[in-house]
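Encoded as structure tokens, the structure appears first; notes follow it.
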Amino acid sequence: MSKYLMLDRRVLNPQAMENVSIQVTPPEKDVENNPLMVQDKPWEIRIDNGYPNVIYDKDKEIFRCYYTLFTDDLDTEGTTVEERSSRDYLPRLDRVTSLAYAESKDGIHWEKPSLNRVEWRGSKANNILFLFAHGTGVMLDEHSSSPDKKYKMVTKVDIPGHGAHMAVAFSPDGLDWSELIPWPEHNPPADSHNLPFWDEKEGCYMLLSRIWKDGIRMTTLSRSDDFIHWSEPKETLRGRGFEAQVYSMPVFFWNNLYLGLASIIHEGDRTDRDFDMVDCELTWAAEPEHFDFAAPGQSLIPRGRGRYPAGDFDCGCIYASQPVFAPNGELWLYYMGGNGQHTNFRETSLARALWRADRFAALEPKREEEDSLVTTCRMKFEGESLEVLAEGIPYRAEPDEARPCEASDIRDTRKGMDKSRPVYLEAQVHRVWTEAPVPGFTFEESRVSDMGDGWKAIQWPKGFDSLAGTAGCIKLKFRNLKIWAVRGDICLDGHRLWEGADMENEGL
Numbered sequence: 478m479s480k481y482l483m484l485d486r487r488v489l490n491p492q493a494m495e496n497v498s499i500q501v502t503p504p505e506k507d508v509e510n511n512p513l514m515v516q517d518k519p520w521e522i523r524i525d526n527g528y529p530n531v532i533y534d535k536d537k538e539i540f541r542c543y544y545t546l547f548t549d550d551l552d553t554e555g556t557t558v559e560e561r562s563s564r565d566y567l568p569r570l571d572r573v574t575s576l577a578y579a580e581s582k583d584g585i586h587w588e589k590p591s592l593n594r595v596e597w598r599g600s601k602a603n604n605i606l607f608l609f610a611h612g613t614g615v616m617l618d619e620h621s622s623s624p625d626k627k628y629k630m631v632t633k634v635d636i637p638g639h640g641a642h643m644a645v646a647f648s649p650d651g652l653d654w655s656e657l658i659p660w661p662e663h664n665p666p667a668d669s670h671n672l673p674f675w676d677e678k679e680g681c682y683m684l685l686s687r688i689w690k691d692g693i694r695m696t697t698l699s700r701s702d703d704f705i706h707w708s709e710p711k712e713t714l715r716g717r718g719f720e721a722q723v724y725s726m727p728v729f730f731w732n733n734l735y736l737g738l739a740s741i742i743h744e745g746d747r748t749d750r751d752f753d754m755v756d757c758e759l760t761w762a763a764e765p766e767h768f769d770f771a772a773p774g775q776s777l778i779p780r781g782r783g784r785y786p787a788g789d790f791d792c793g794c795i796y797a798s799q800p801v802f803a804p805n806g807e808l809w810l811y812y813m814g815g816n817g818q819h820t821n822f823r824e825t826s827l828a829r830a831l832w833r834a835d836r837f838a839a840l841e842p843k844r845e846e847e848d849s850l851v852t853t854c855r856m857k858f859e860g861e862s863l864e865v866l867a868e869g870i871p872y873r874a875e876p877d878e879a880r881p882c883e884a885s886d887i888r889d890t891r892k893g894m895d896k897s898r899p900v901y902l903e904a905q906v907h908r909v910w911t912e913a914p915v916p917g918f919t920f921e922e923s924r925v926s927d928m929g930d931g932w933k934a935i936q937w938p939k940g941f942d943s944l945a946g947t948a949g950c951i952k953l954k955f956r957n958l959k960i961w962a963v964r965g966d967i968c969l970d971g972h973r974l975w976e977g978a979d980m981e982n983e984g985l
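Shown next, in the form of structure tokens:
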């Protein structure tokens, strides 16, 4: 069984779509517990972007968080909130960036243990792992054959007045780290979150970092077989001019796609309300050399309300970690939220939001109470199963009238559906989308049944398996629904997936 997310543009035929747009589905912020961790140690002078790396170690049954902070920053240290509110922050070249560590048993209550590793102003009673470590990325390597290298990190060693270079380190337990090993080749600017991960498709390590080019920030990709020798960083995503630059982008692998959590900084107009603020947007890629925005301009983790200093703890800047599966199977997205502009005074805290698997971005109607139509690209049919992940859109009425549409509401309108709010889903199959549907596989003959957890099975009297061994496209007609994914005994085929396909049968 194959599964395709609707944010994957390869799945869709743009010539055969009506009344739909892609909309990100923000995870639900944990308002009861956020913020989870704040700046409360003397050496946490300014957490700034934080660049969180939250990892769940199932062997130790513990959550770990590695985060970047300024342990020396003369323009921040000793200032009060009142002073910070009355003048602009001055970023100094002599600031010291370091890496710190926190841990939690439940993902909610966090401790900053005394590691006795790094001396800060005469004492090692702190949670600092490395001084002069900028934008550190940490990964738990499940593929490592060496127990001493179970944990891996990439960082930019940045000693004010002495230059900067890329380096890596290894650890058996996430706490006891080796000395930093300089990269033998290449020294990109990398003044951002340097996020490594193991790539399942290519069987190598990959690193998302950042460079400056053509006057703006952009994300780069490097590869490595041994985590020490890295390929030259190559551009993989740039934003949308000064107003929407990619500051950093943690990436994770999901359902044969690379999904990115891009922090987008807004510059270019000091009078703009979002100037110098940082939003988080969802990106995707079928191949890591080129990412694209799932829904340009839409915030995946919306910033909180207000402005510095009285606004919400995350009203200014959002920097995400890779998502984490908790022991109970919940998918949590941890992030650092700042309450001010990027290059001004702000305080930063760790927070989290609950994501539902596969519900990352959905096709939704542009106009309510009208039918929507989505057509897939050419697909091979291989068996009897065809399902979609869909959910009713809540009433957009007065608050006391609003209610969600239950999963059971998605049924044939001919069977007594409330006509005041029709919610339905139908499907038909075509050999070529411009031609008539395959006999026996029309909208009128389709039936939808609830499979649980949002998945809906689509069936026809003849049986979808009767089409096995053939190819065509699937049209979905629906109203007042959002659709996140499709799965079943289907496989993408045709020129939108790869060059050299049989163009004669595309019907495009």
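For what it's worth, this note's numbering labels the leading residue of the sequence shown as 478, then goes sequentially. The beta-carbon is built from N, C-alpha and C at its ideal position, and this holds for glycine as well. Just so you know, these numbers come straight off a predicted model, no measurement behind them.
message: Beta-carbon within less than 7 Å of K690's beta-carbon, same chain only, minus the 5 sequence neighbours each way: which residues are those?
response: E712
task: Taking D702 as the reference, give the member of E677, R687, G869 with the closest Cα.
output: E677
Three-state secondary structure assigned by DSSP to L489: strand
query: Taking buried to mean at least 16 other C-beta atoms within 10 Å of its own C-beta, is K987 buried or exposed?
result: Since the first residue of the chain shown is 478 and the last is 985, residue 987 is not available in this structure.
- request: Assuming N490 and T853 form a contact by the criterion Cβ under 8 Å, report the distance between their Cβ atoms to the nearest whole angstrom.
  value: 6 Å
Other residues of its chain near K952: CB distance less than 6 Å, five sequence neighbours each side excluded: T852, Q905
Residues near K589 by beta carbon distance below 6 Å, same chain, minus five either side: A579, N604
message: For S699 and Y812, I'd like the C-alpha separation in whole angstroms.
response: 24 Å
task: Let me know if V634 comes out buried or exposed under the rule of 16 or more other beta-carbons within 10 Å of its beta-carbon.
output: buried
task: State the Cα-Cα distance for the pair E596 and E824, rounded to the nearest angstrom.
output: 24 Å
message: The alpha helix (DSSP H) that contains R561, what's its start and end?
response: 558 to 563
message: Less than 9 Å between the beta carbons of W660 and M616, yes or no?
response: no
- request: Return the residue from the list F647, A641, A797 that minimises the CA-CA distance to S622.
  value: F647
message: I'd like the ranges of any beta strand (DSSP E) spanning at least 3 consecutive residues and lying wholly in the region 482 to 542.
response: 497 to 501, 530 to 534
With 16 other Cβ atoms within 10 Å as the buried cut-off, status of E878: Residue placement at E878 is poorly supported in this model, since its pLDDT is 39, which falls under 50; the coordinates still yield a value, given next. Flag for E878 reads exposed.
- prompt: Taking the alpha carbon of A945 as the point to measure from, which residue in Y796, S862, R829 has its own alpha carbon closest?
  reply: S862
- prompt: Among residues of its own chain, excluding the 5 on either side of P773, which ones have a beta-carbon nearer than 6 Å to its beta-carbon?
  reply: none
- prompt: Can you tell me where the beta strand (DSSP E) with L608 in it begins and where it stops?
  reply: Neither: L608 is in no beta strand (DSSP E) and is coded neither H nor E.
- request: Assuming A948 contacts F837 (C-beta within less than 8 Å), just tell me the rounded distance between them.
  value: That pair is no contact at about 28 Å.
- prompt: The beta strand (DSSP E) spanning R829 covers which residue range?
  reply: 825 to 832
Own chain, CB closer than 7 Å to I423, minus 5 neighbours either side, in chain order: Residue numbering for the chain in the displayed model covers 478 to 985; residue 423 lies beyond these limits and cannot be assessed.
- prompt: Would you call the region 516 to 530 and the region 763 to 783 in contact, with 3 or more CB pairs under 8 Å?
  reply: no
task: Pull up the DSSP beta-bridge partners for M856, would you.
output: G949, L969
task: Out of A721, Q818, Q775, state which residue places its alpha-carbon closest to the alpha-carbon of I499.
output: Q775
query: When you compare each of P916, K954, D835, I658 to R964 by their alpha carbons, which one comes out closest?
result: D835
query: Quick one: is T911 buried, meaning 16 or more other Cβ sit within 10 Å of its Cβ, or exposed?
result: exposed
task: Could you tell me whether the region 719 to 729 touches the region 792 to 803, where touching means 3 or more Cβ pairs closer than 8 Å?
output: yes
message: Between G584, E744, I705, which has its C-alpha nearest D534's C-alpha?
response: G584
Residue from V531, M754, T556, S849 whose Cα sits closest to the Cα of A803: V531
- prompt: F719 by DSSP, collapsed to three states: which one?
  reply: helix
query: Is the beta carbon of A610 sitting closer than 9 Å to the one on E521?
result: no
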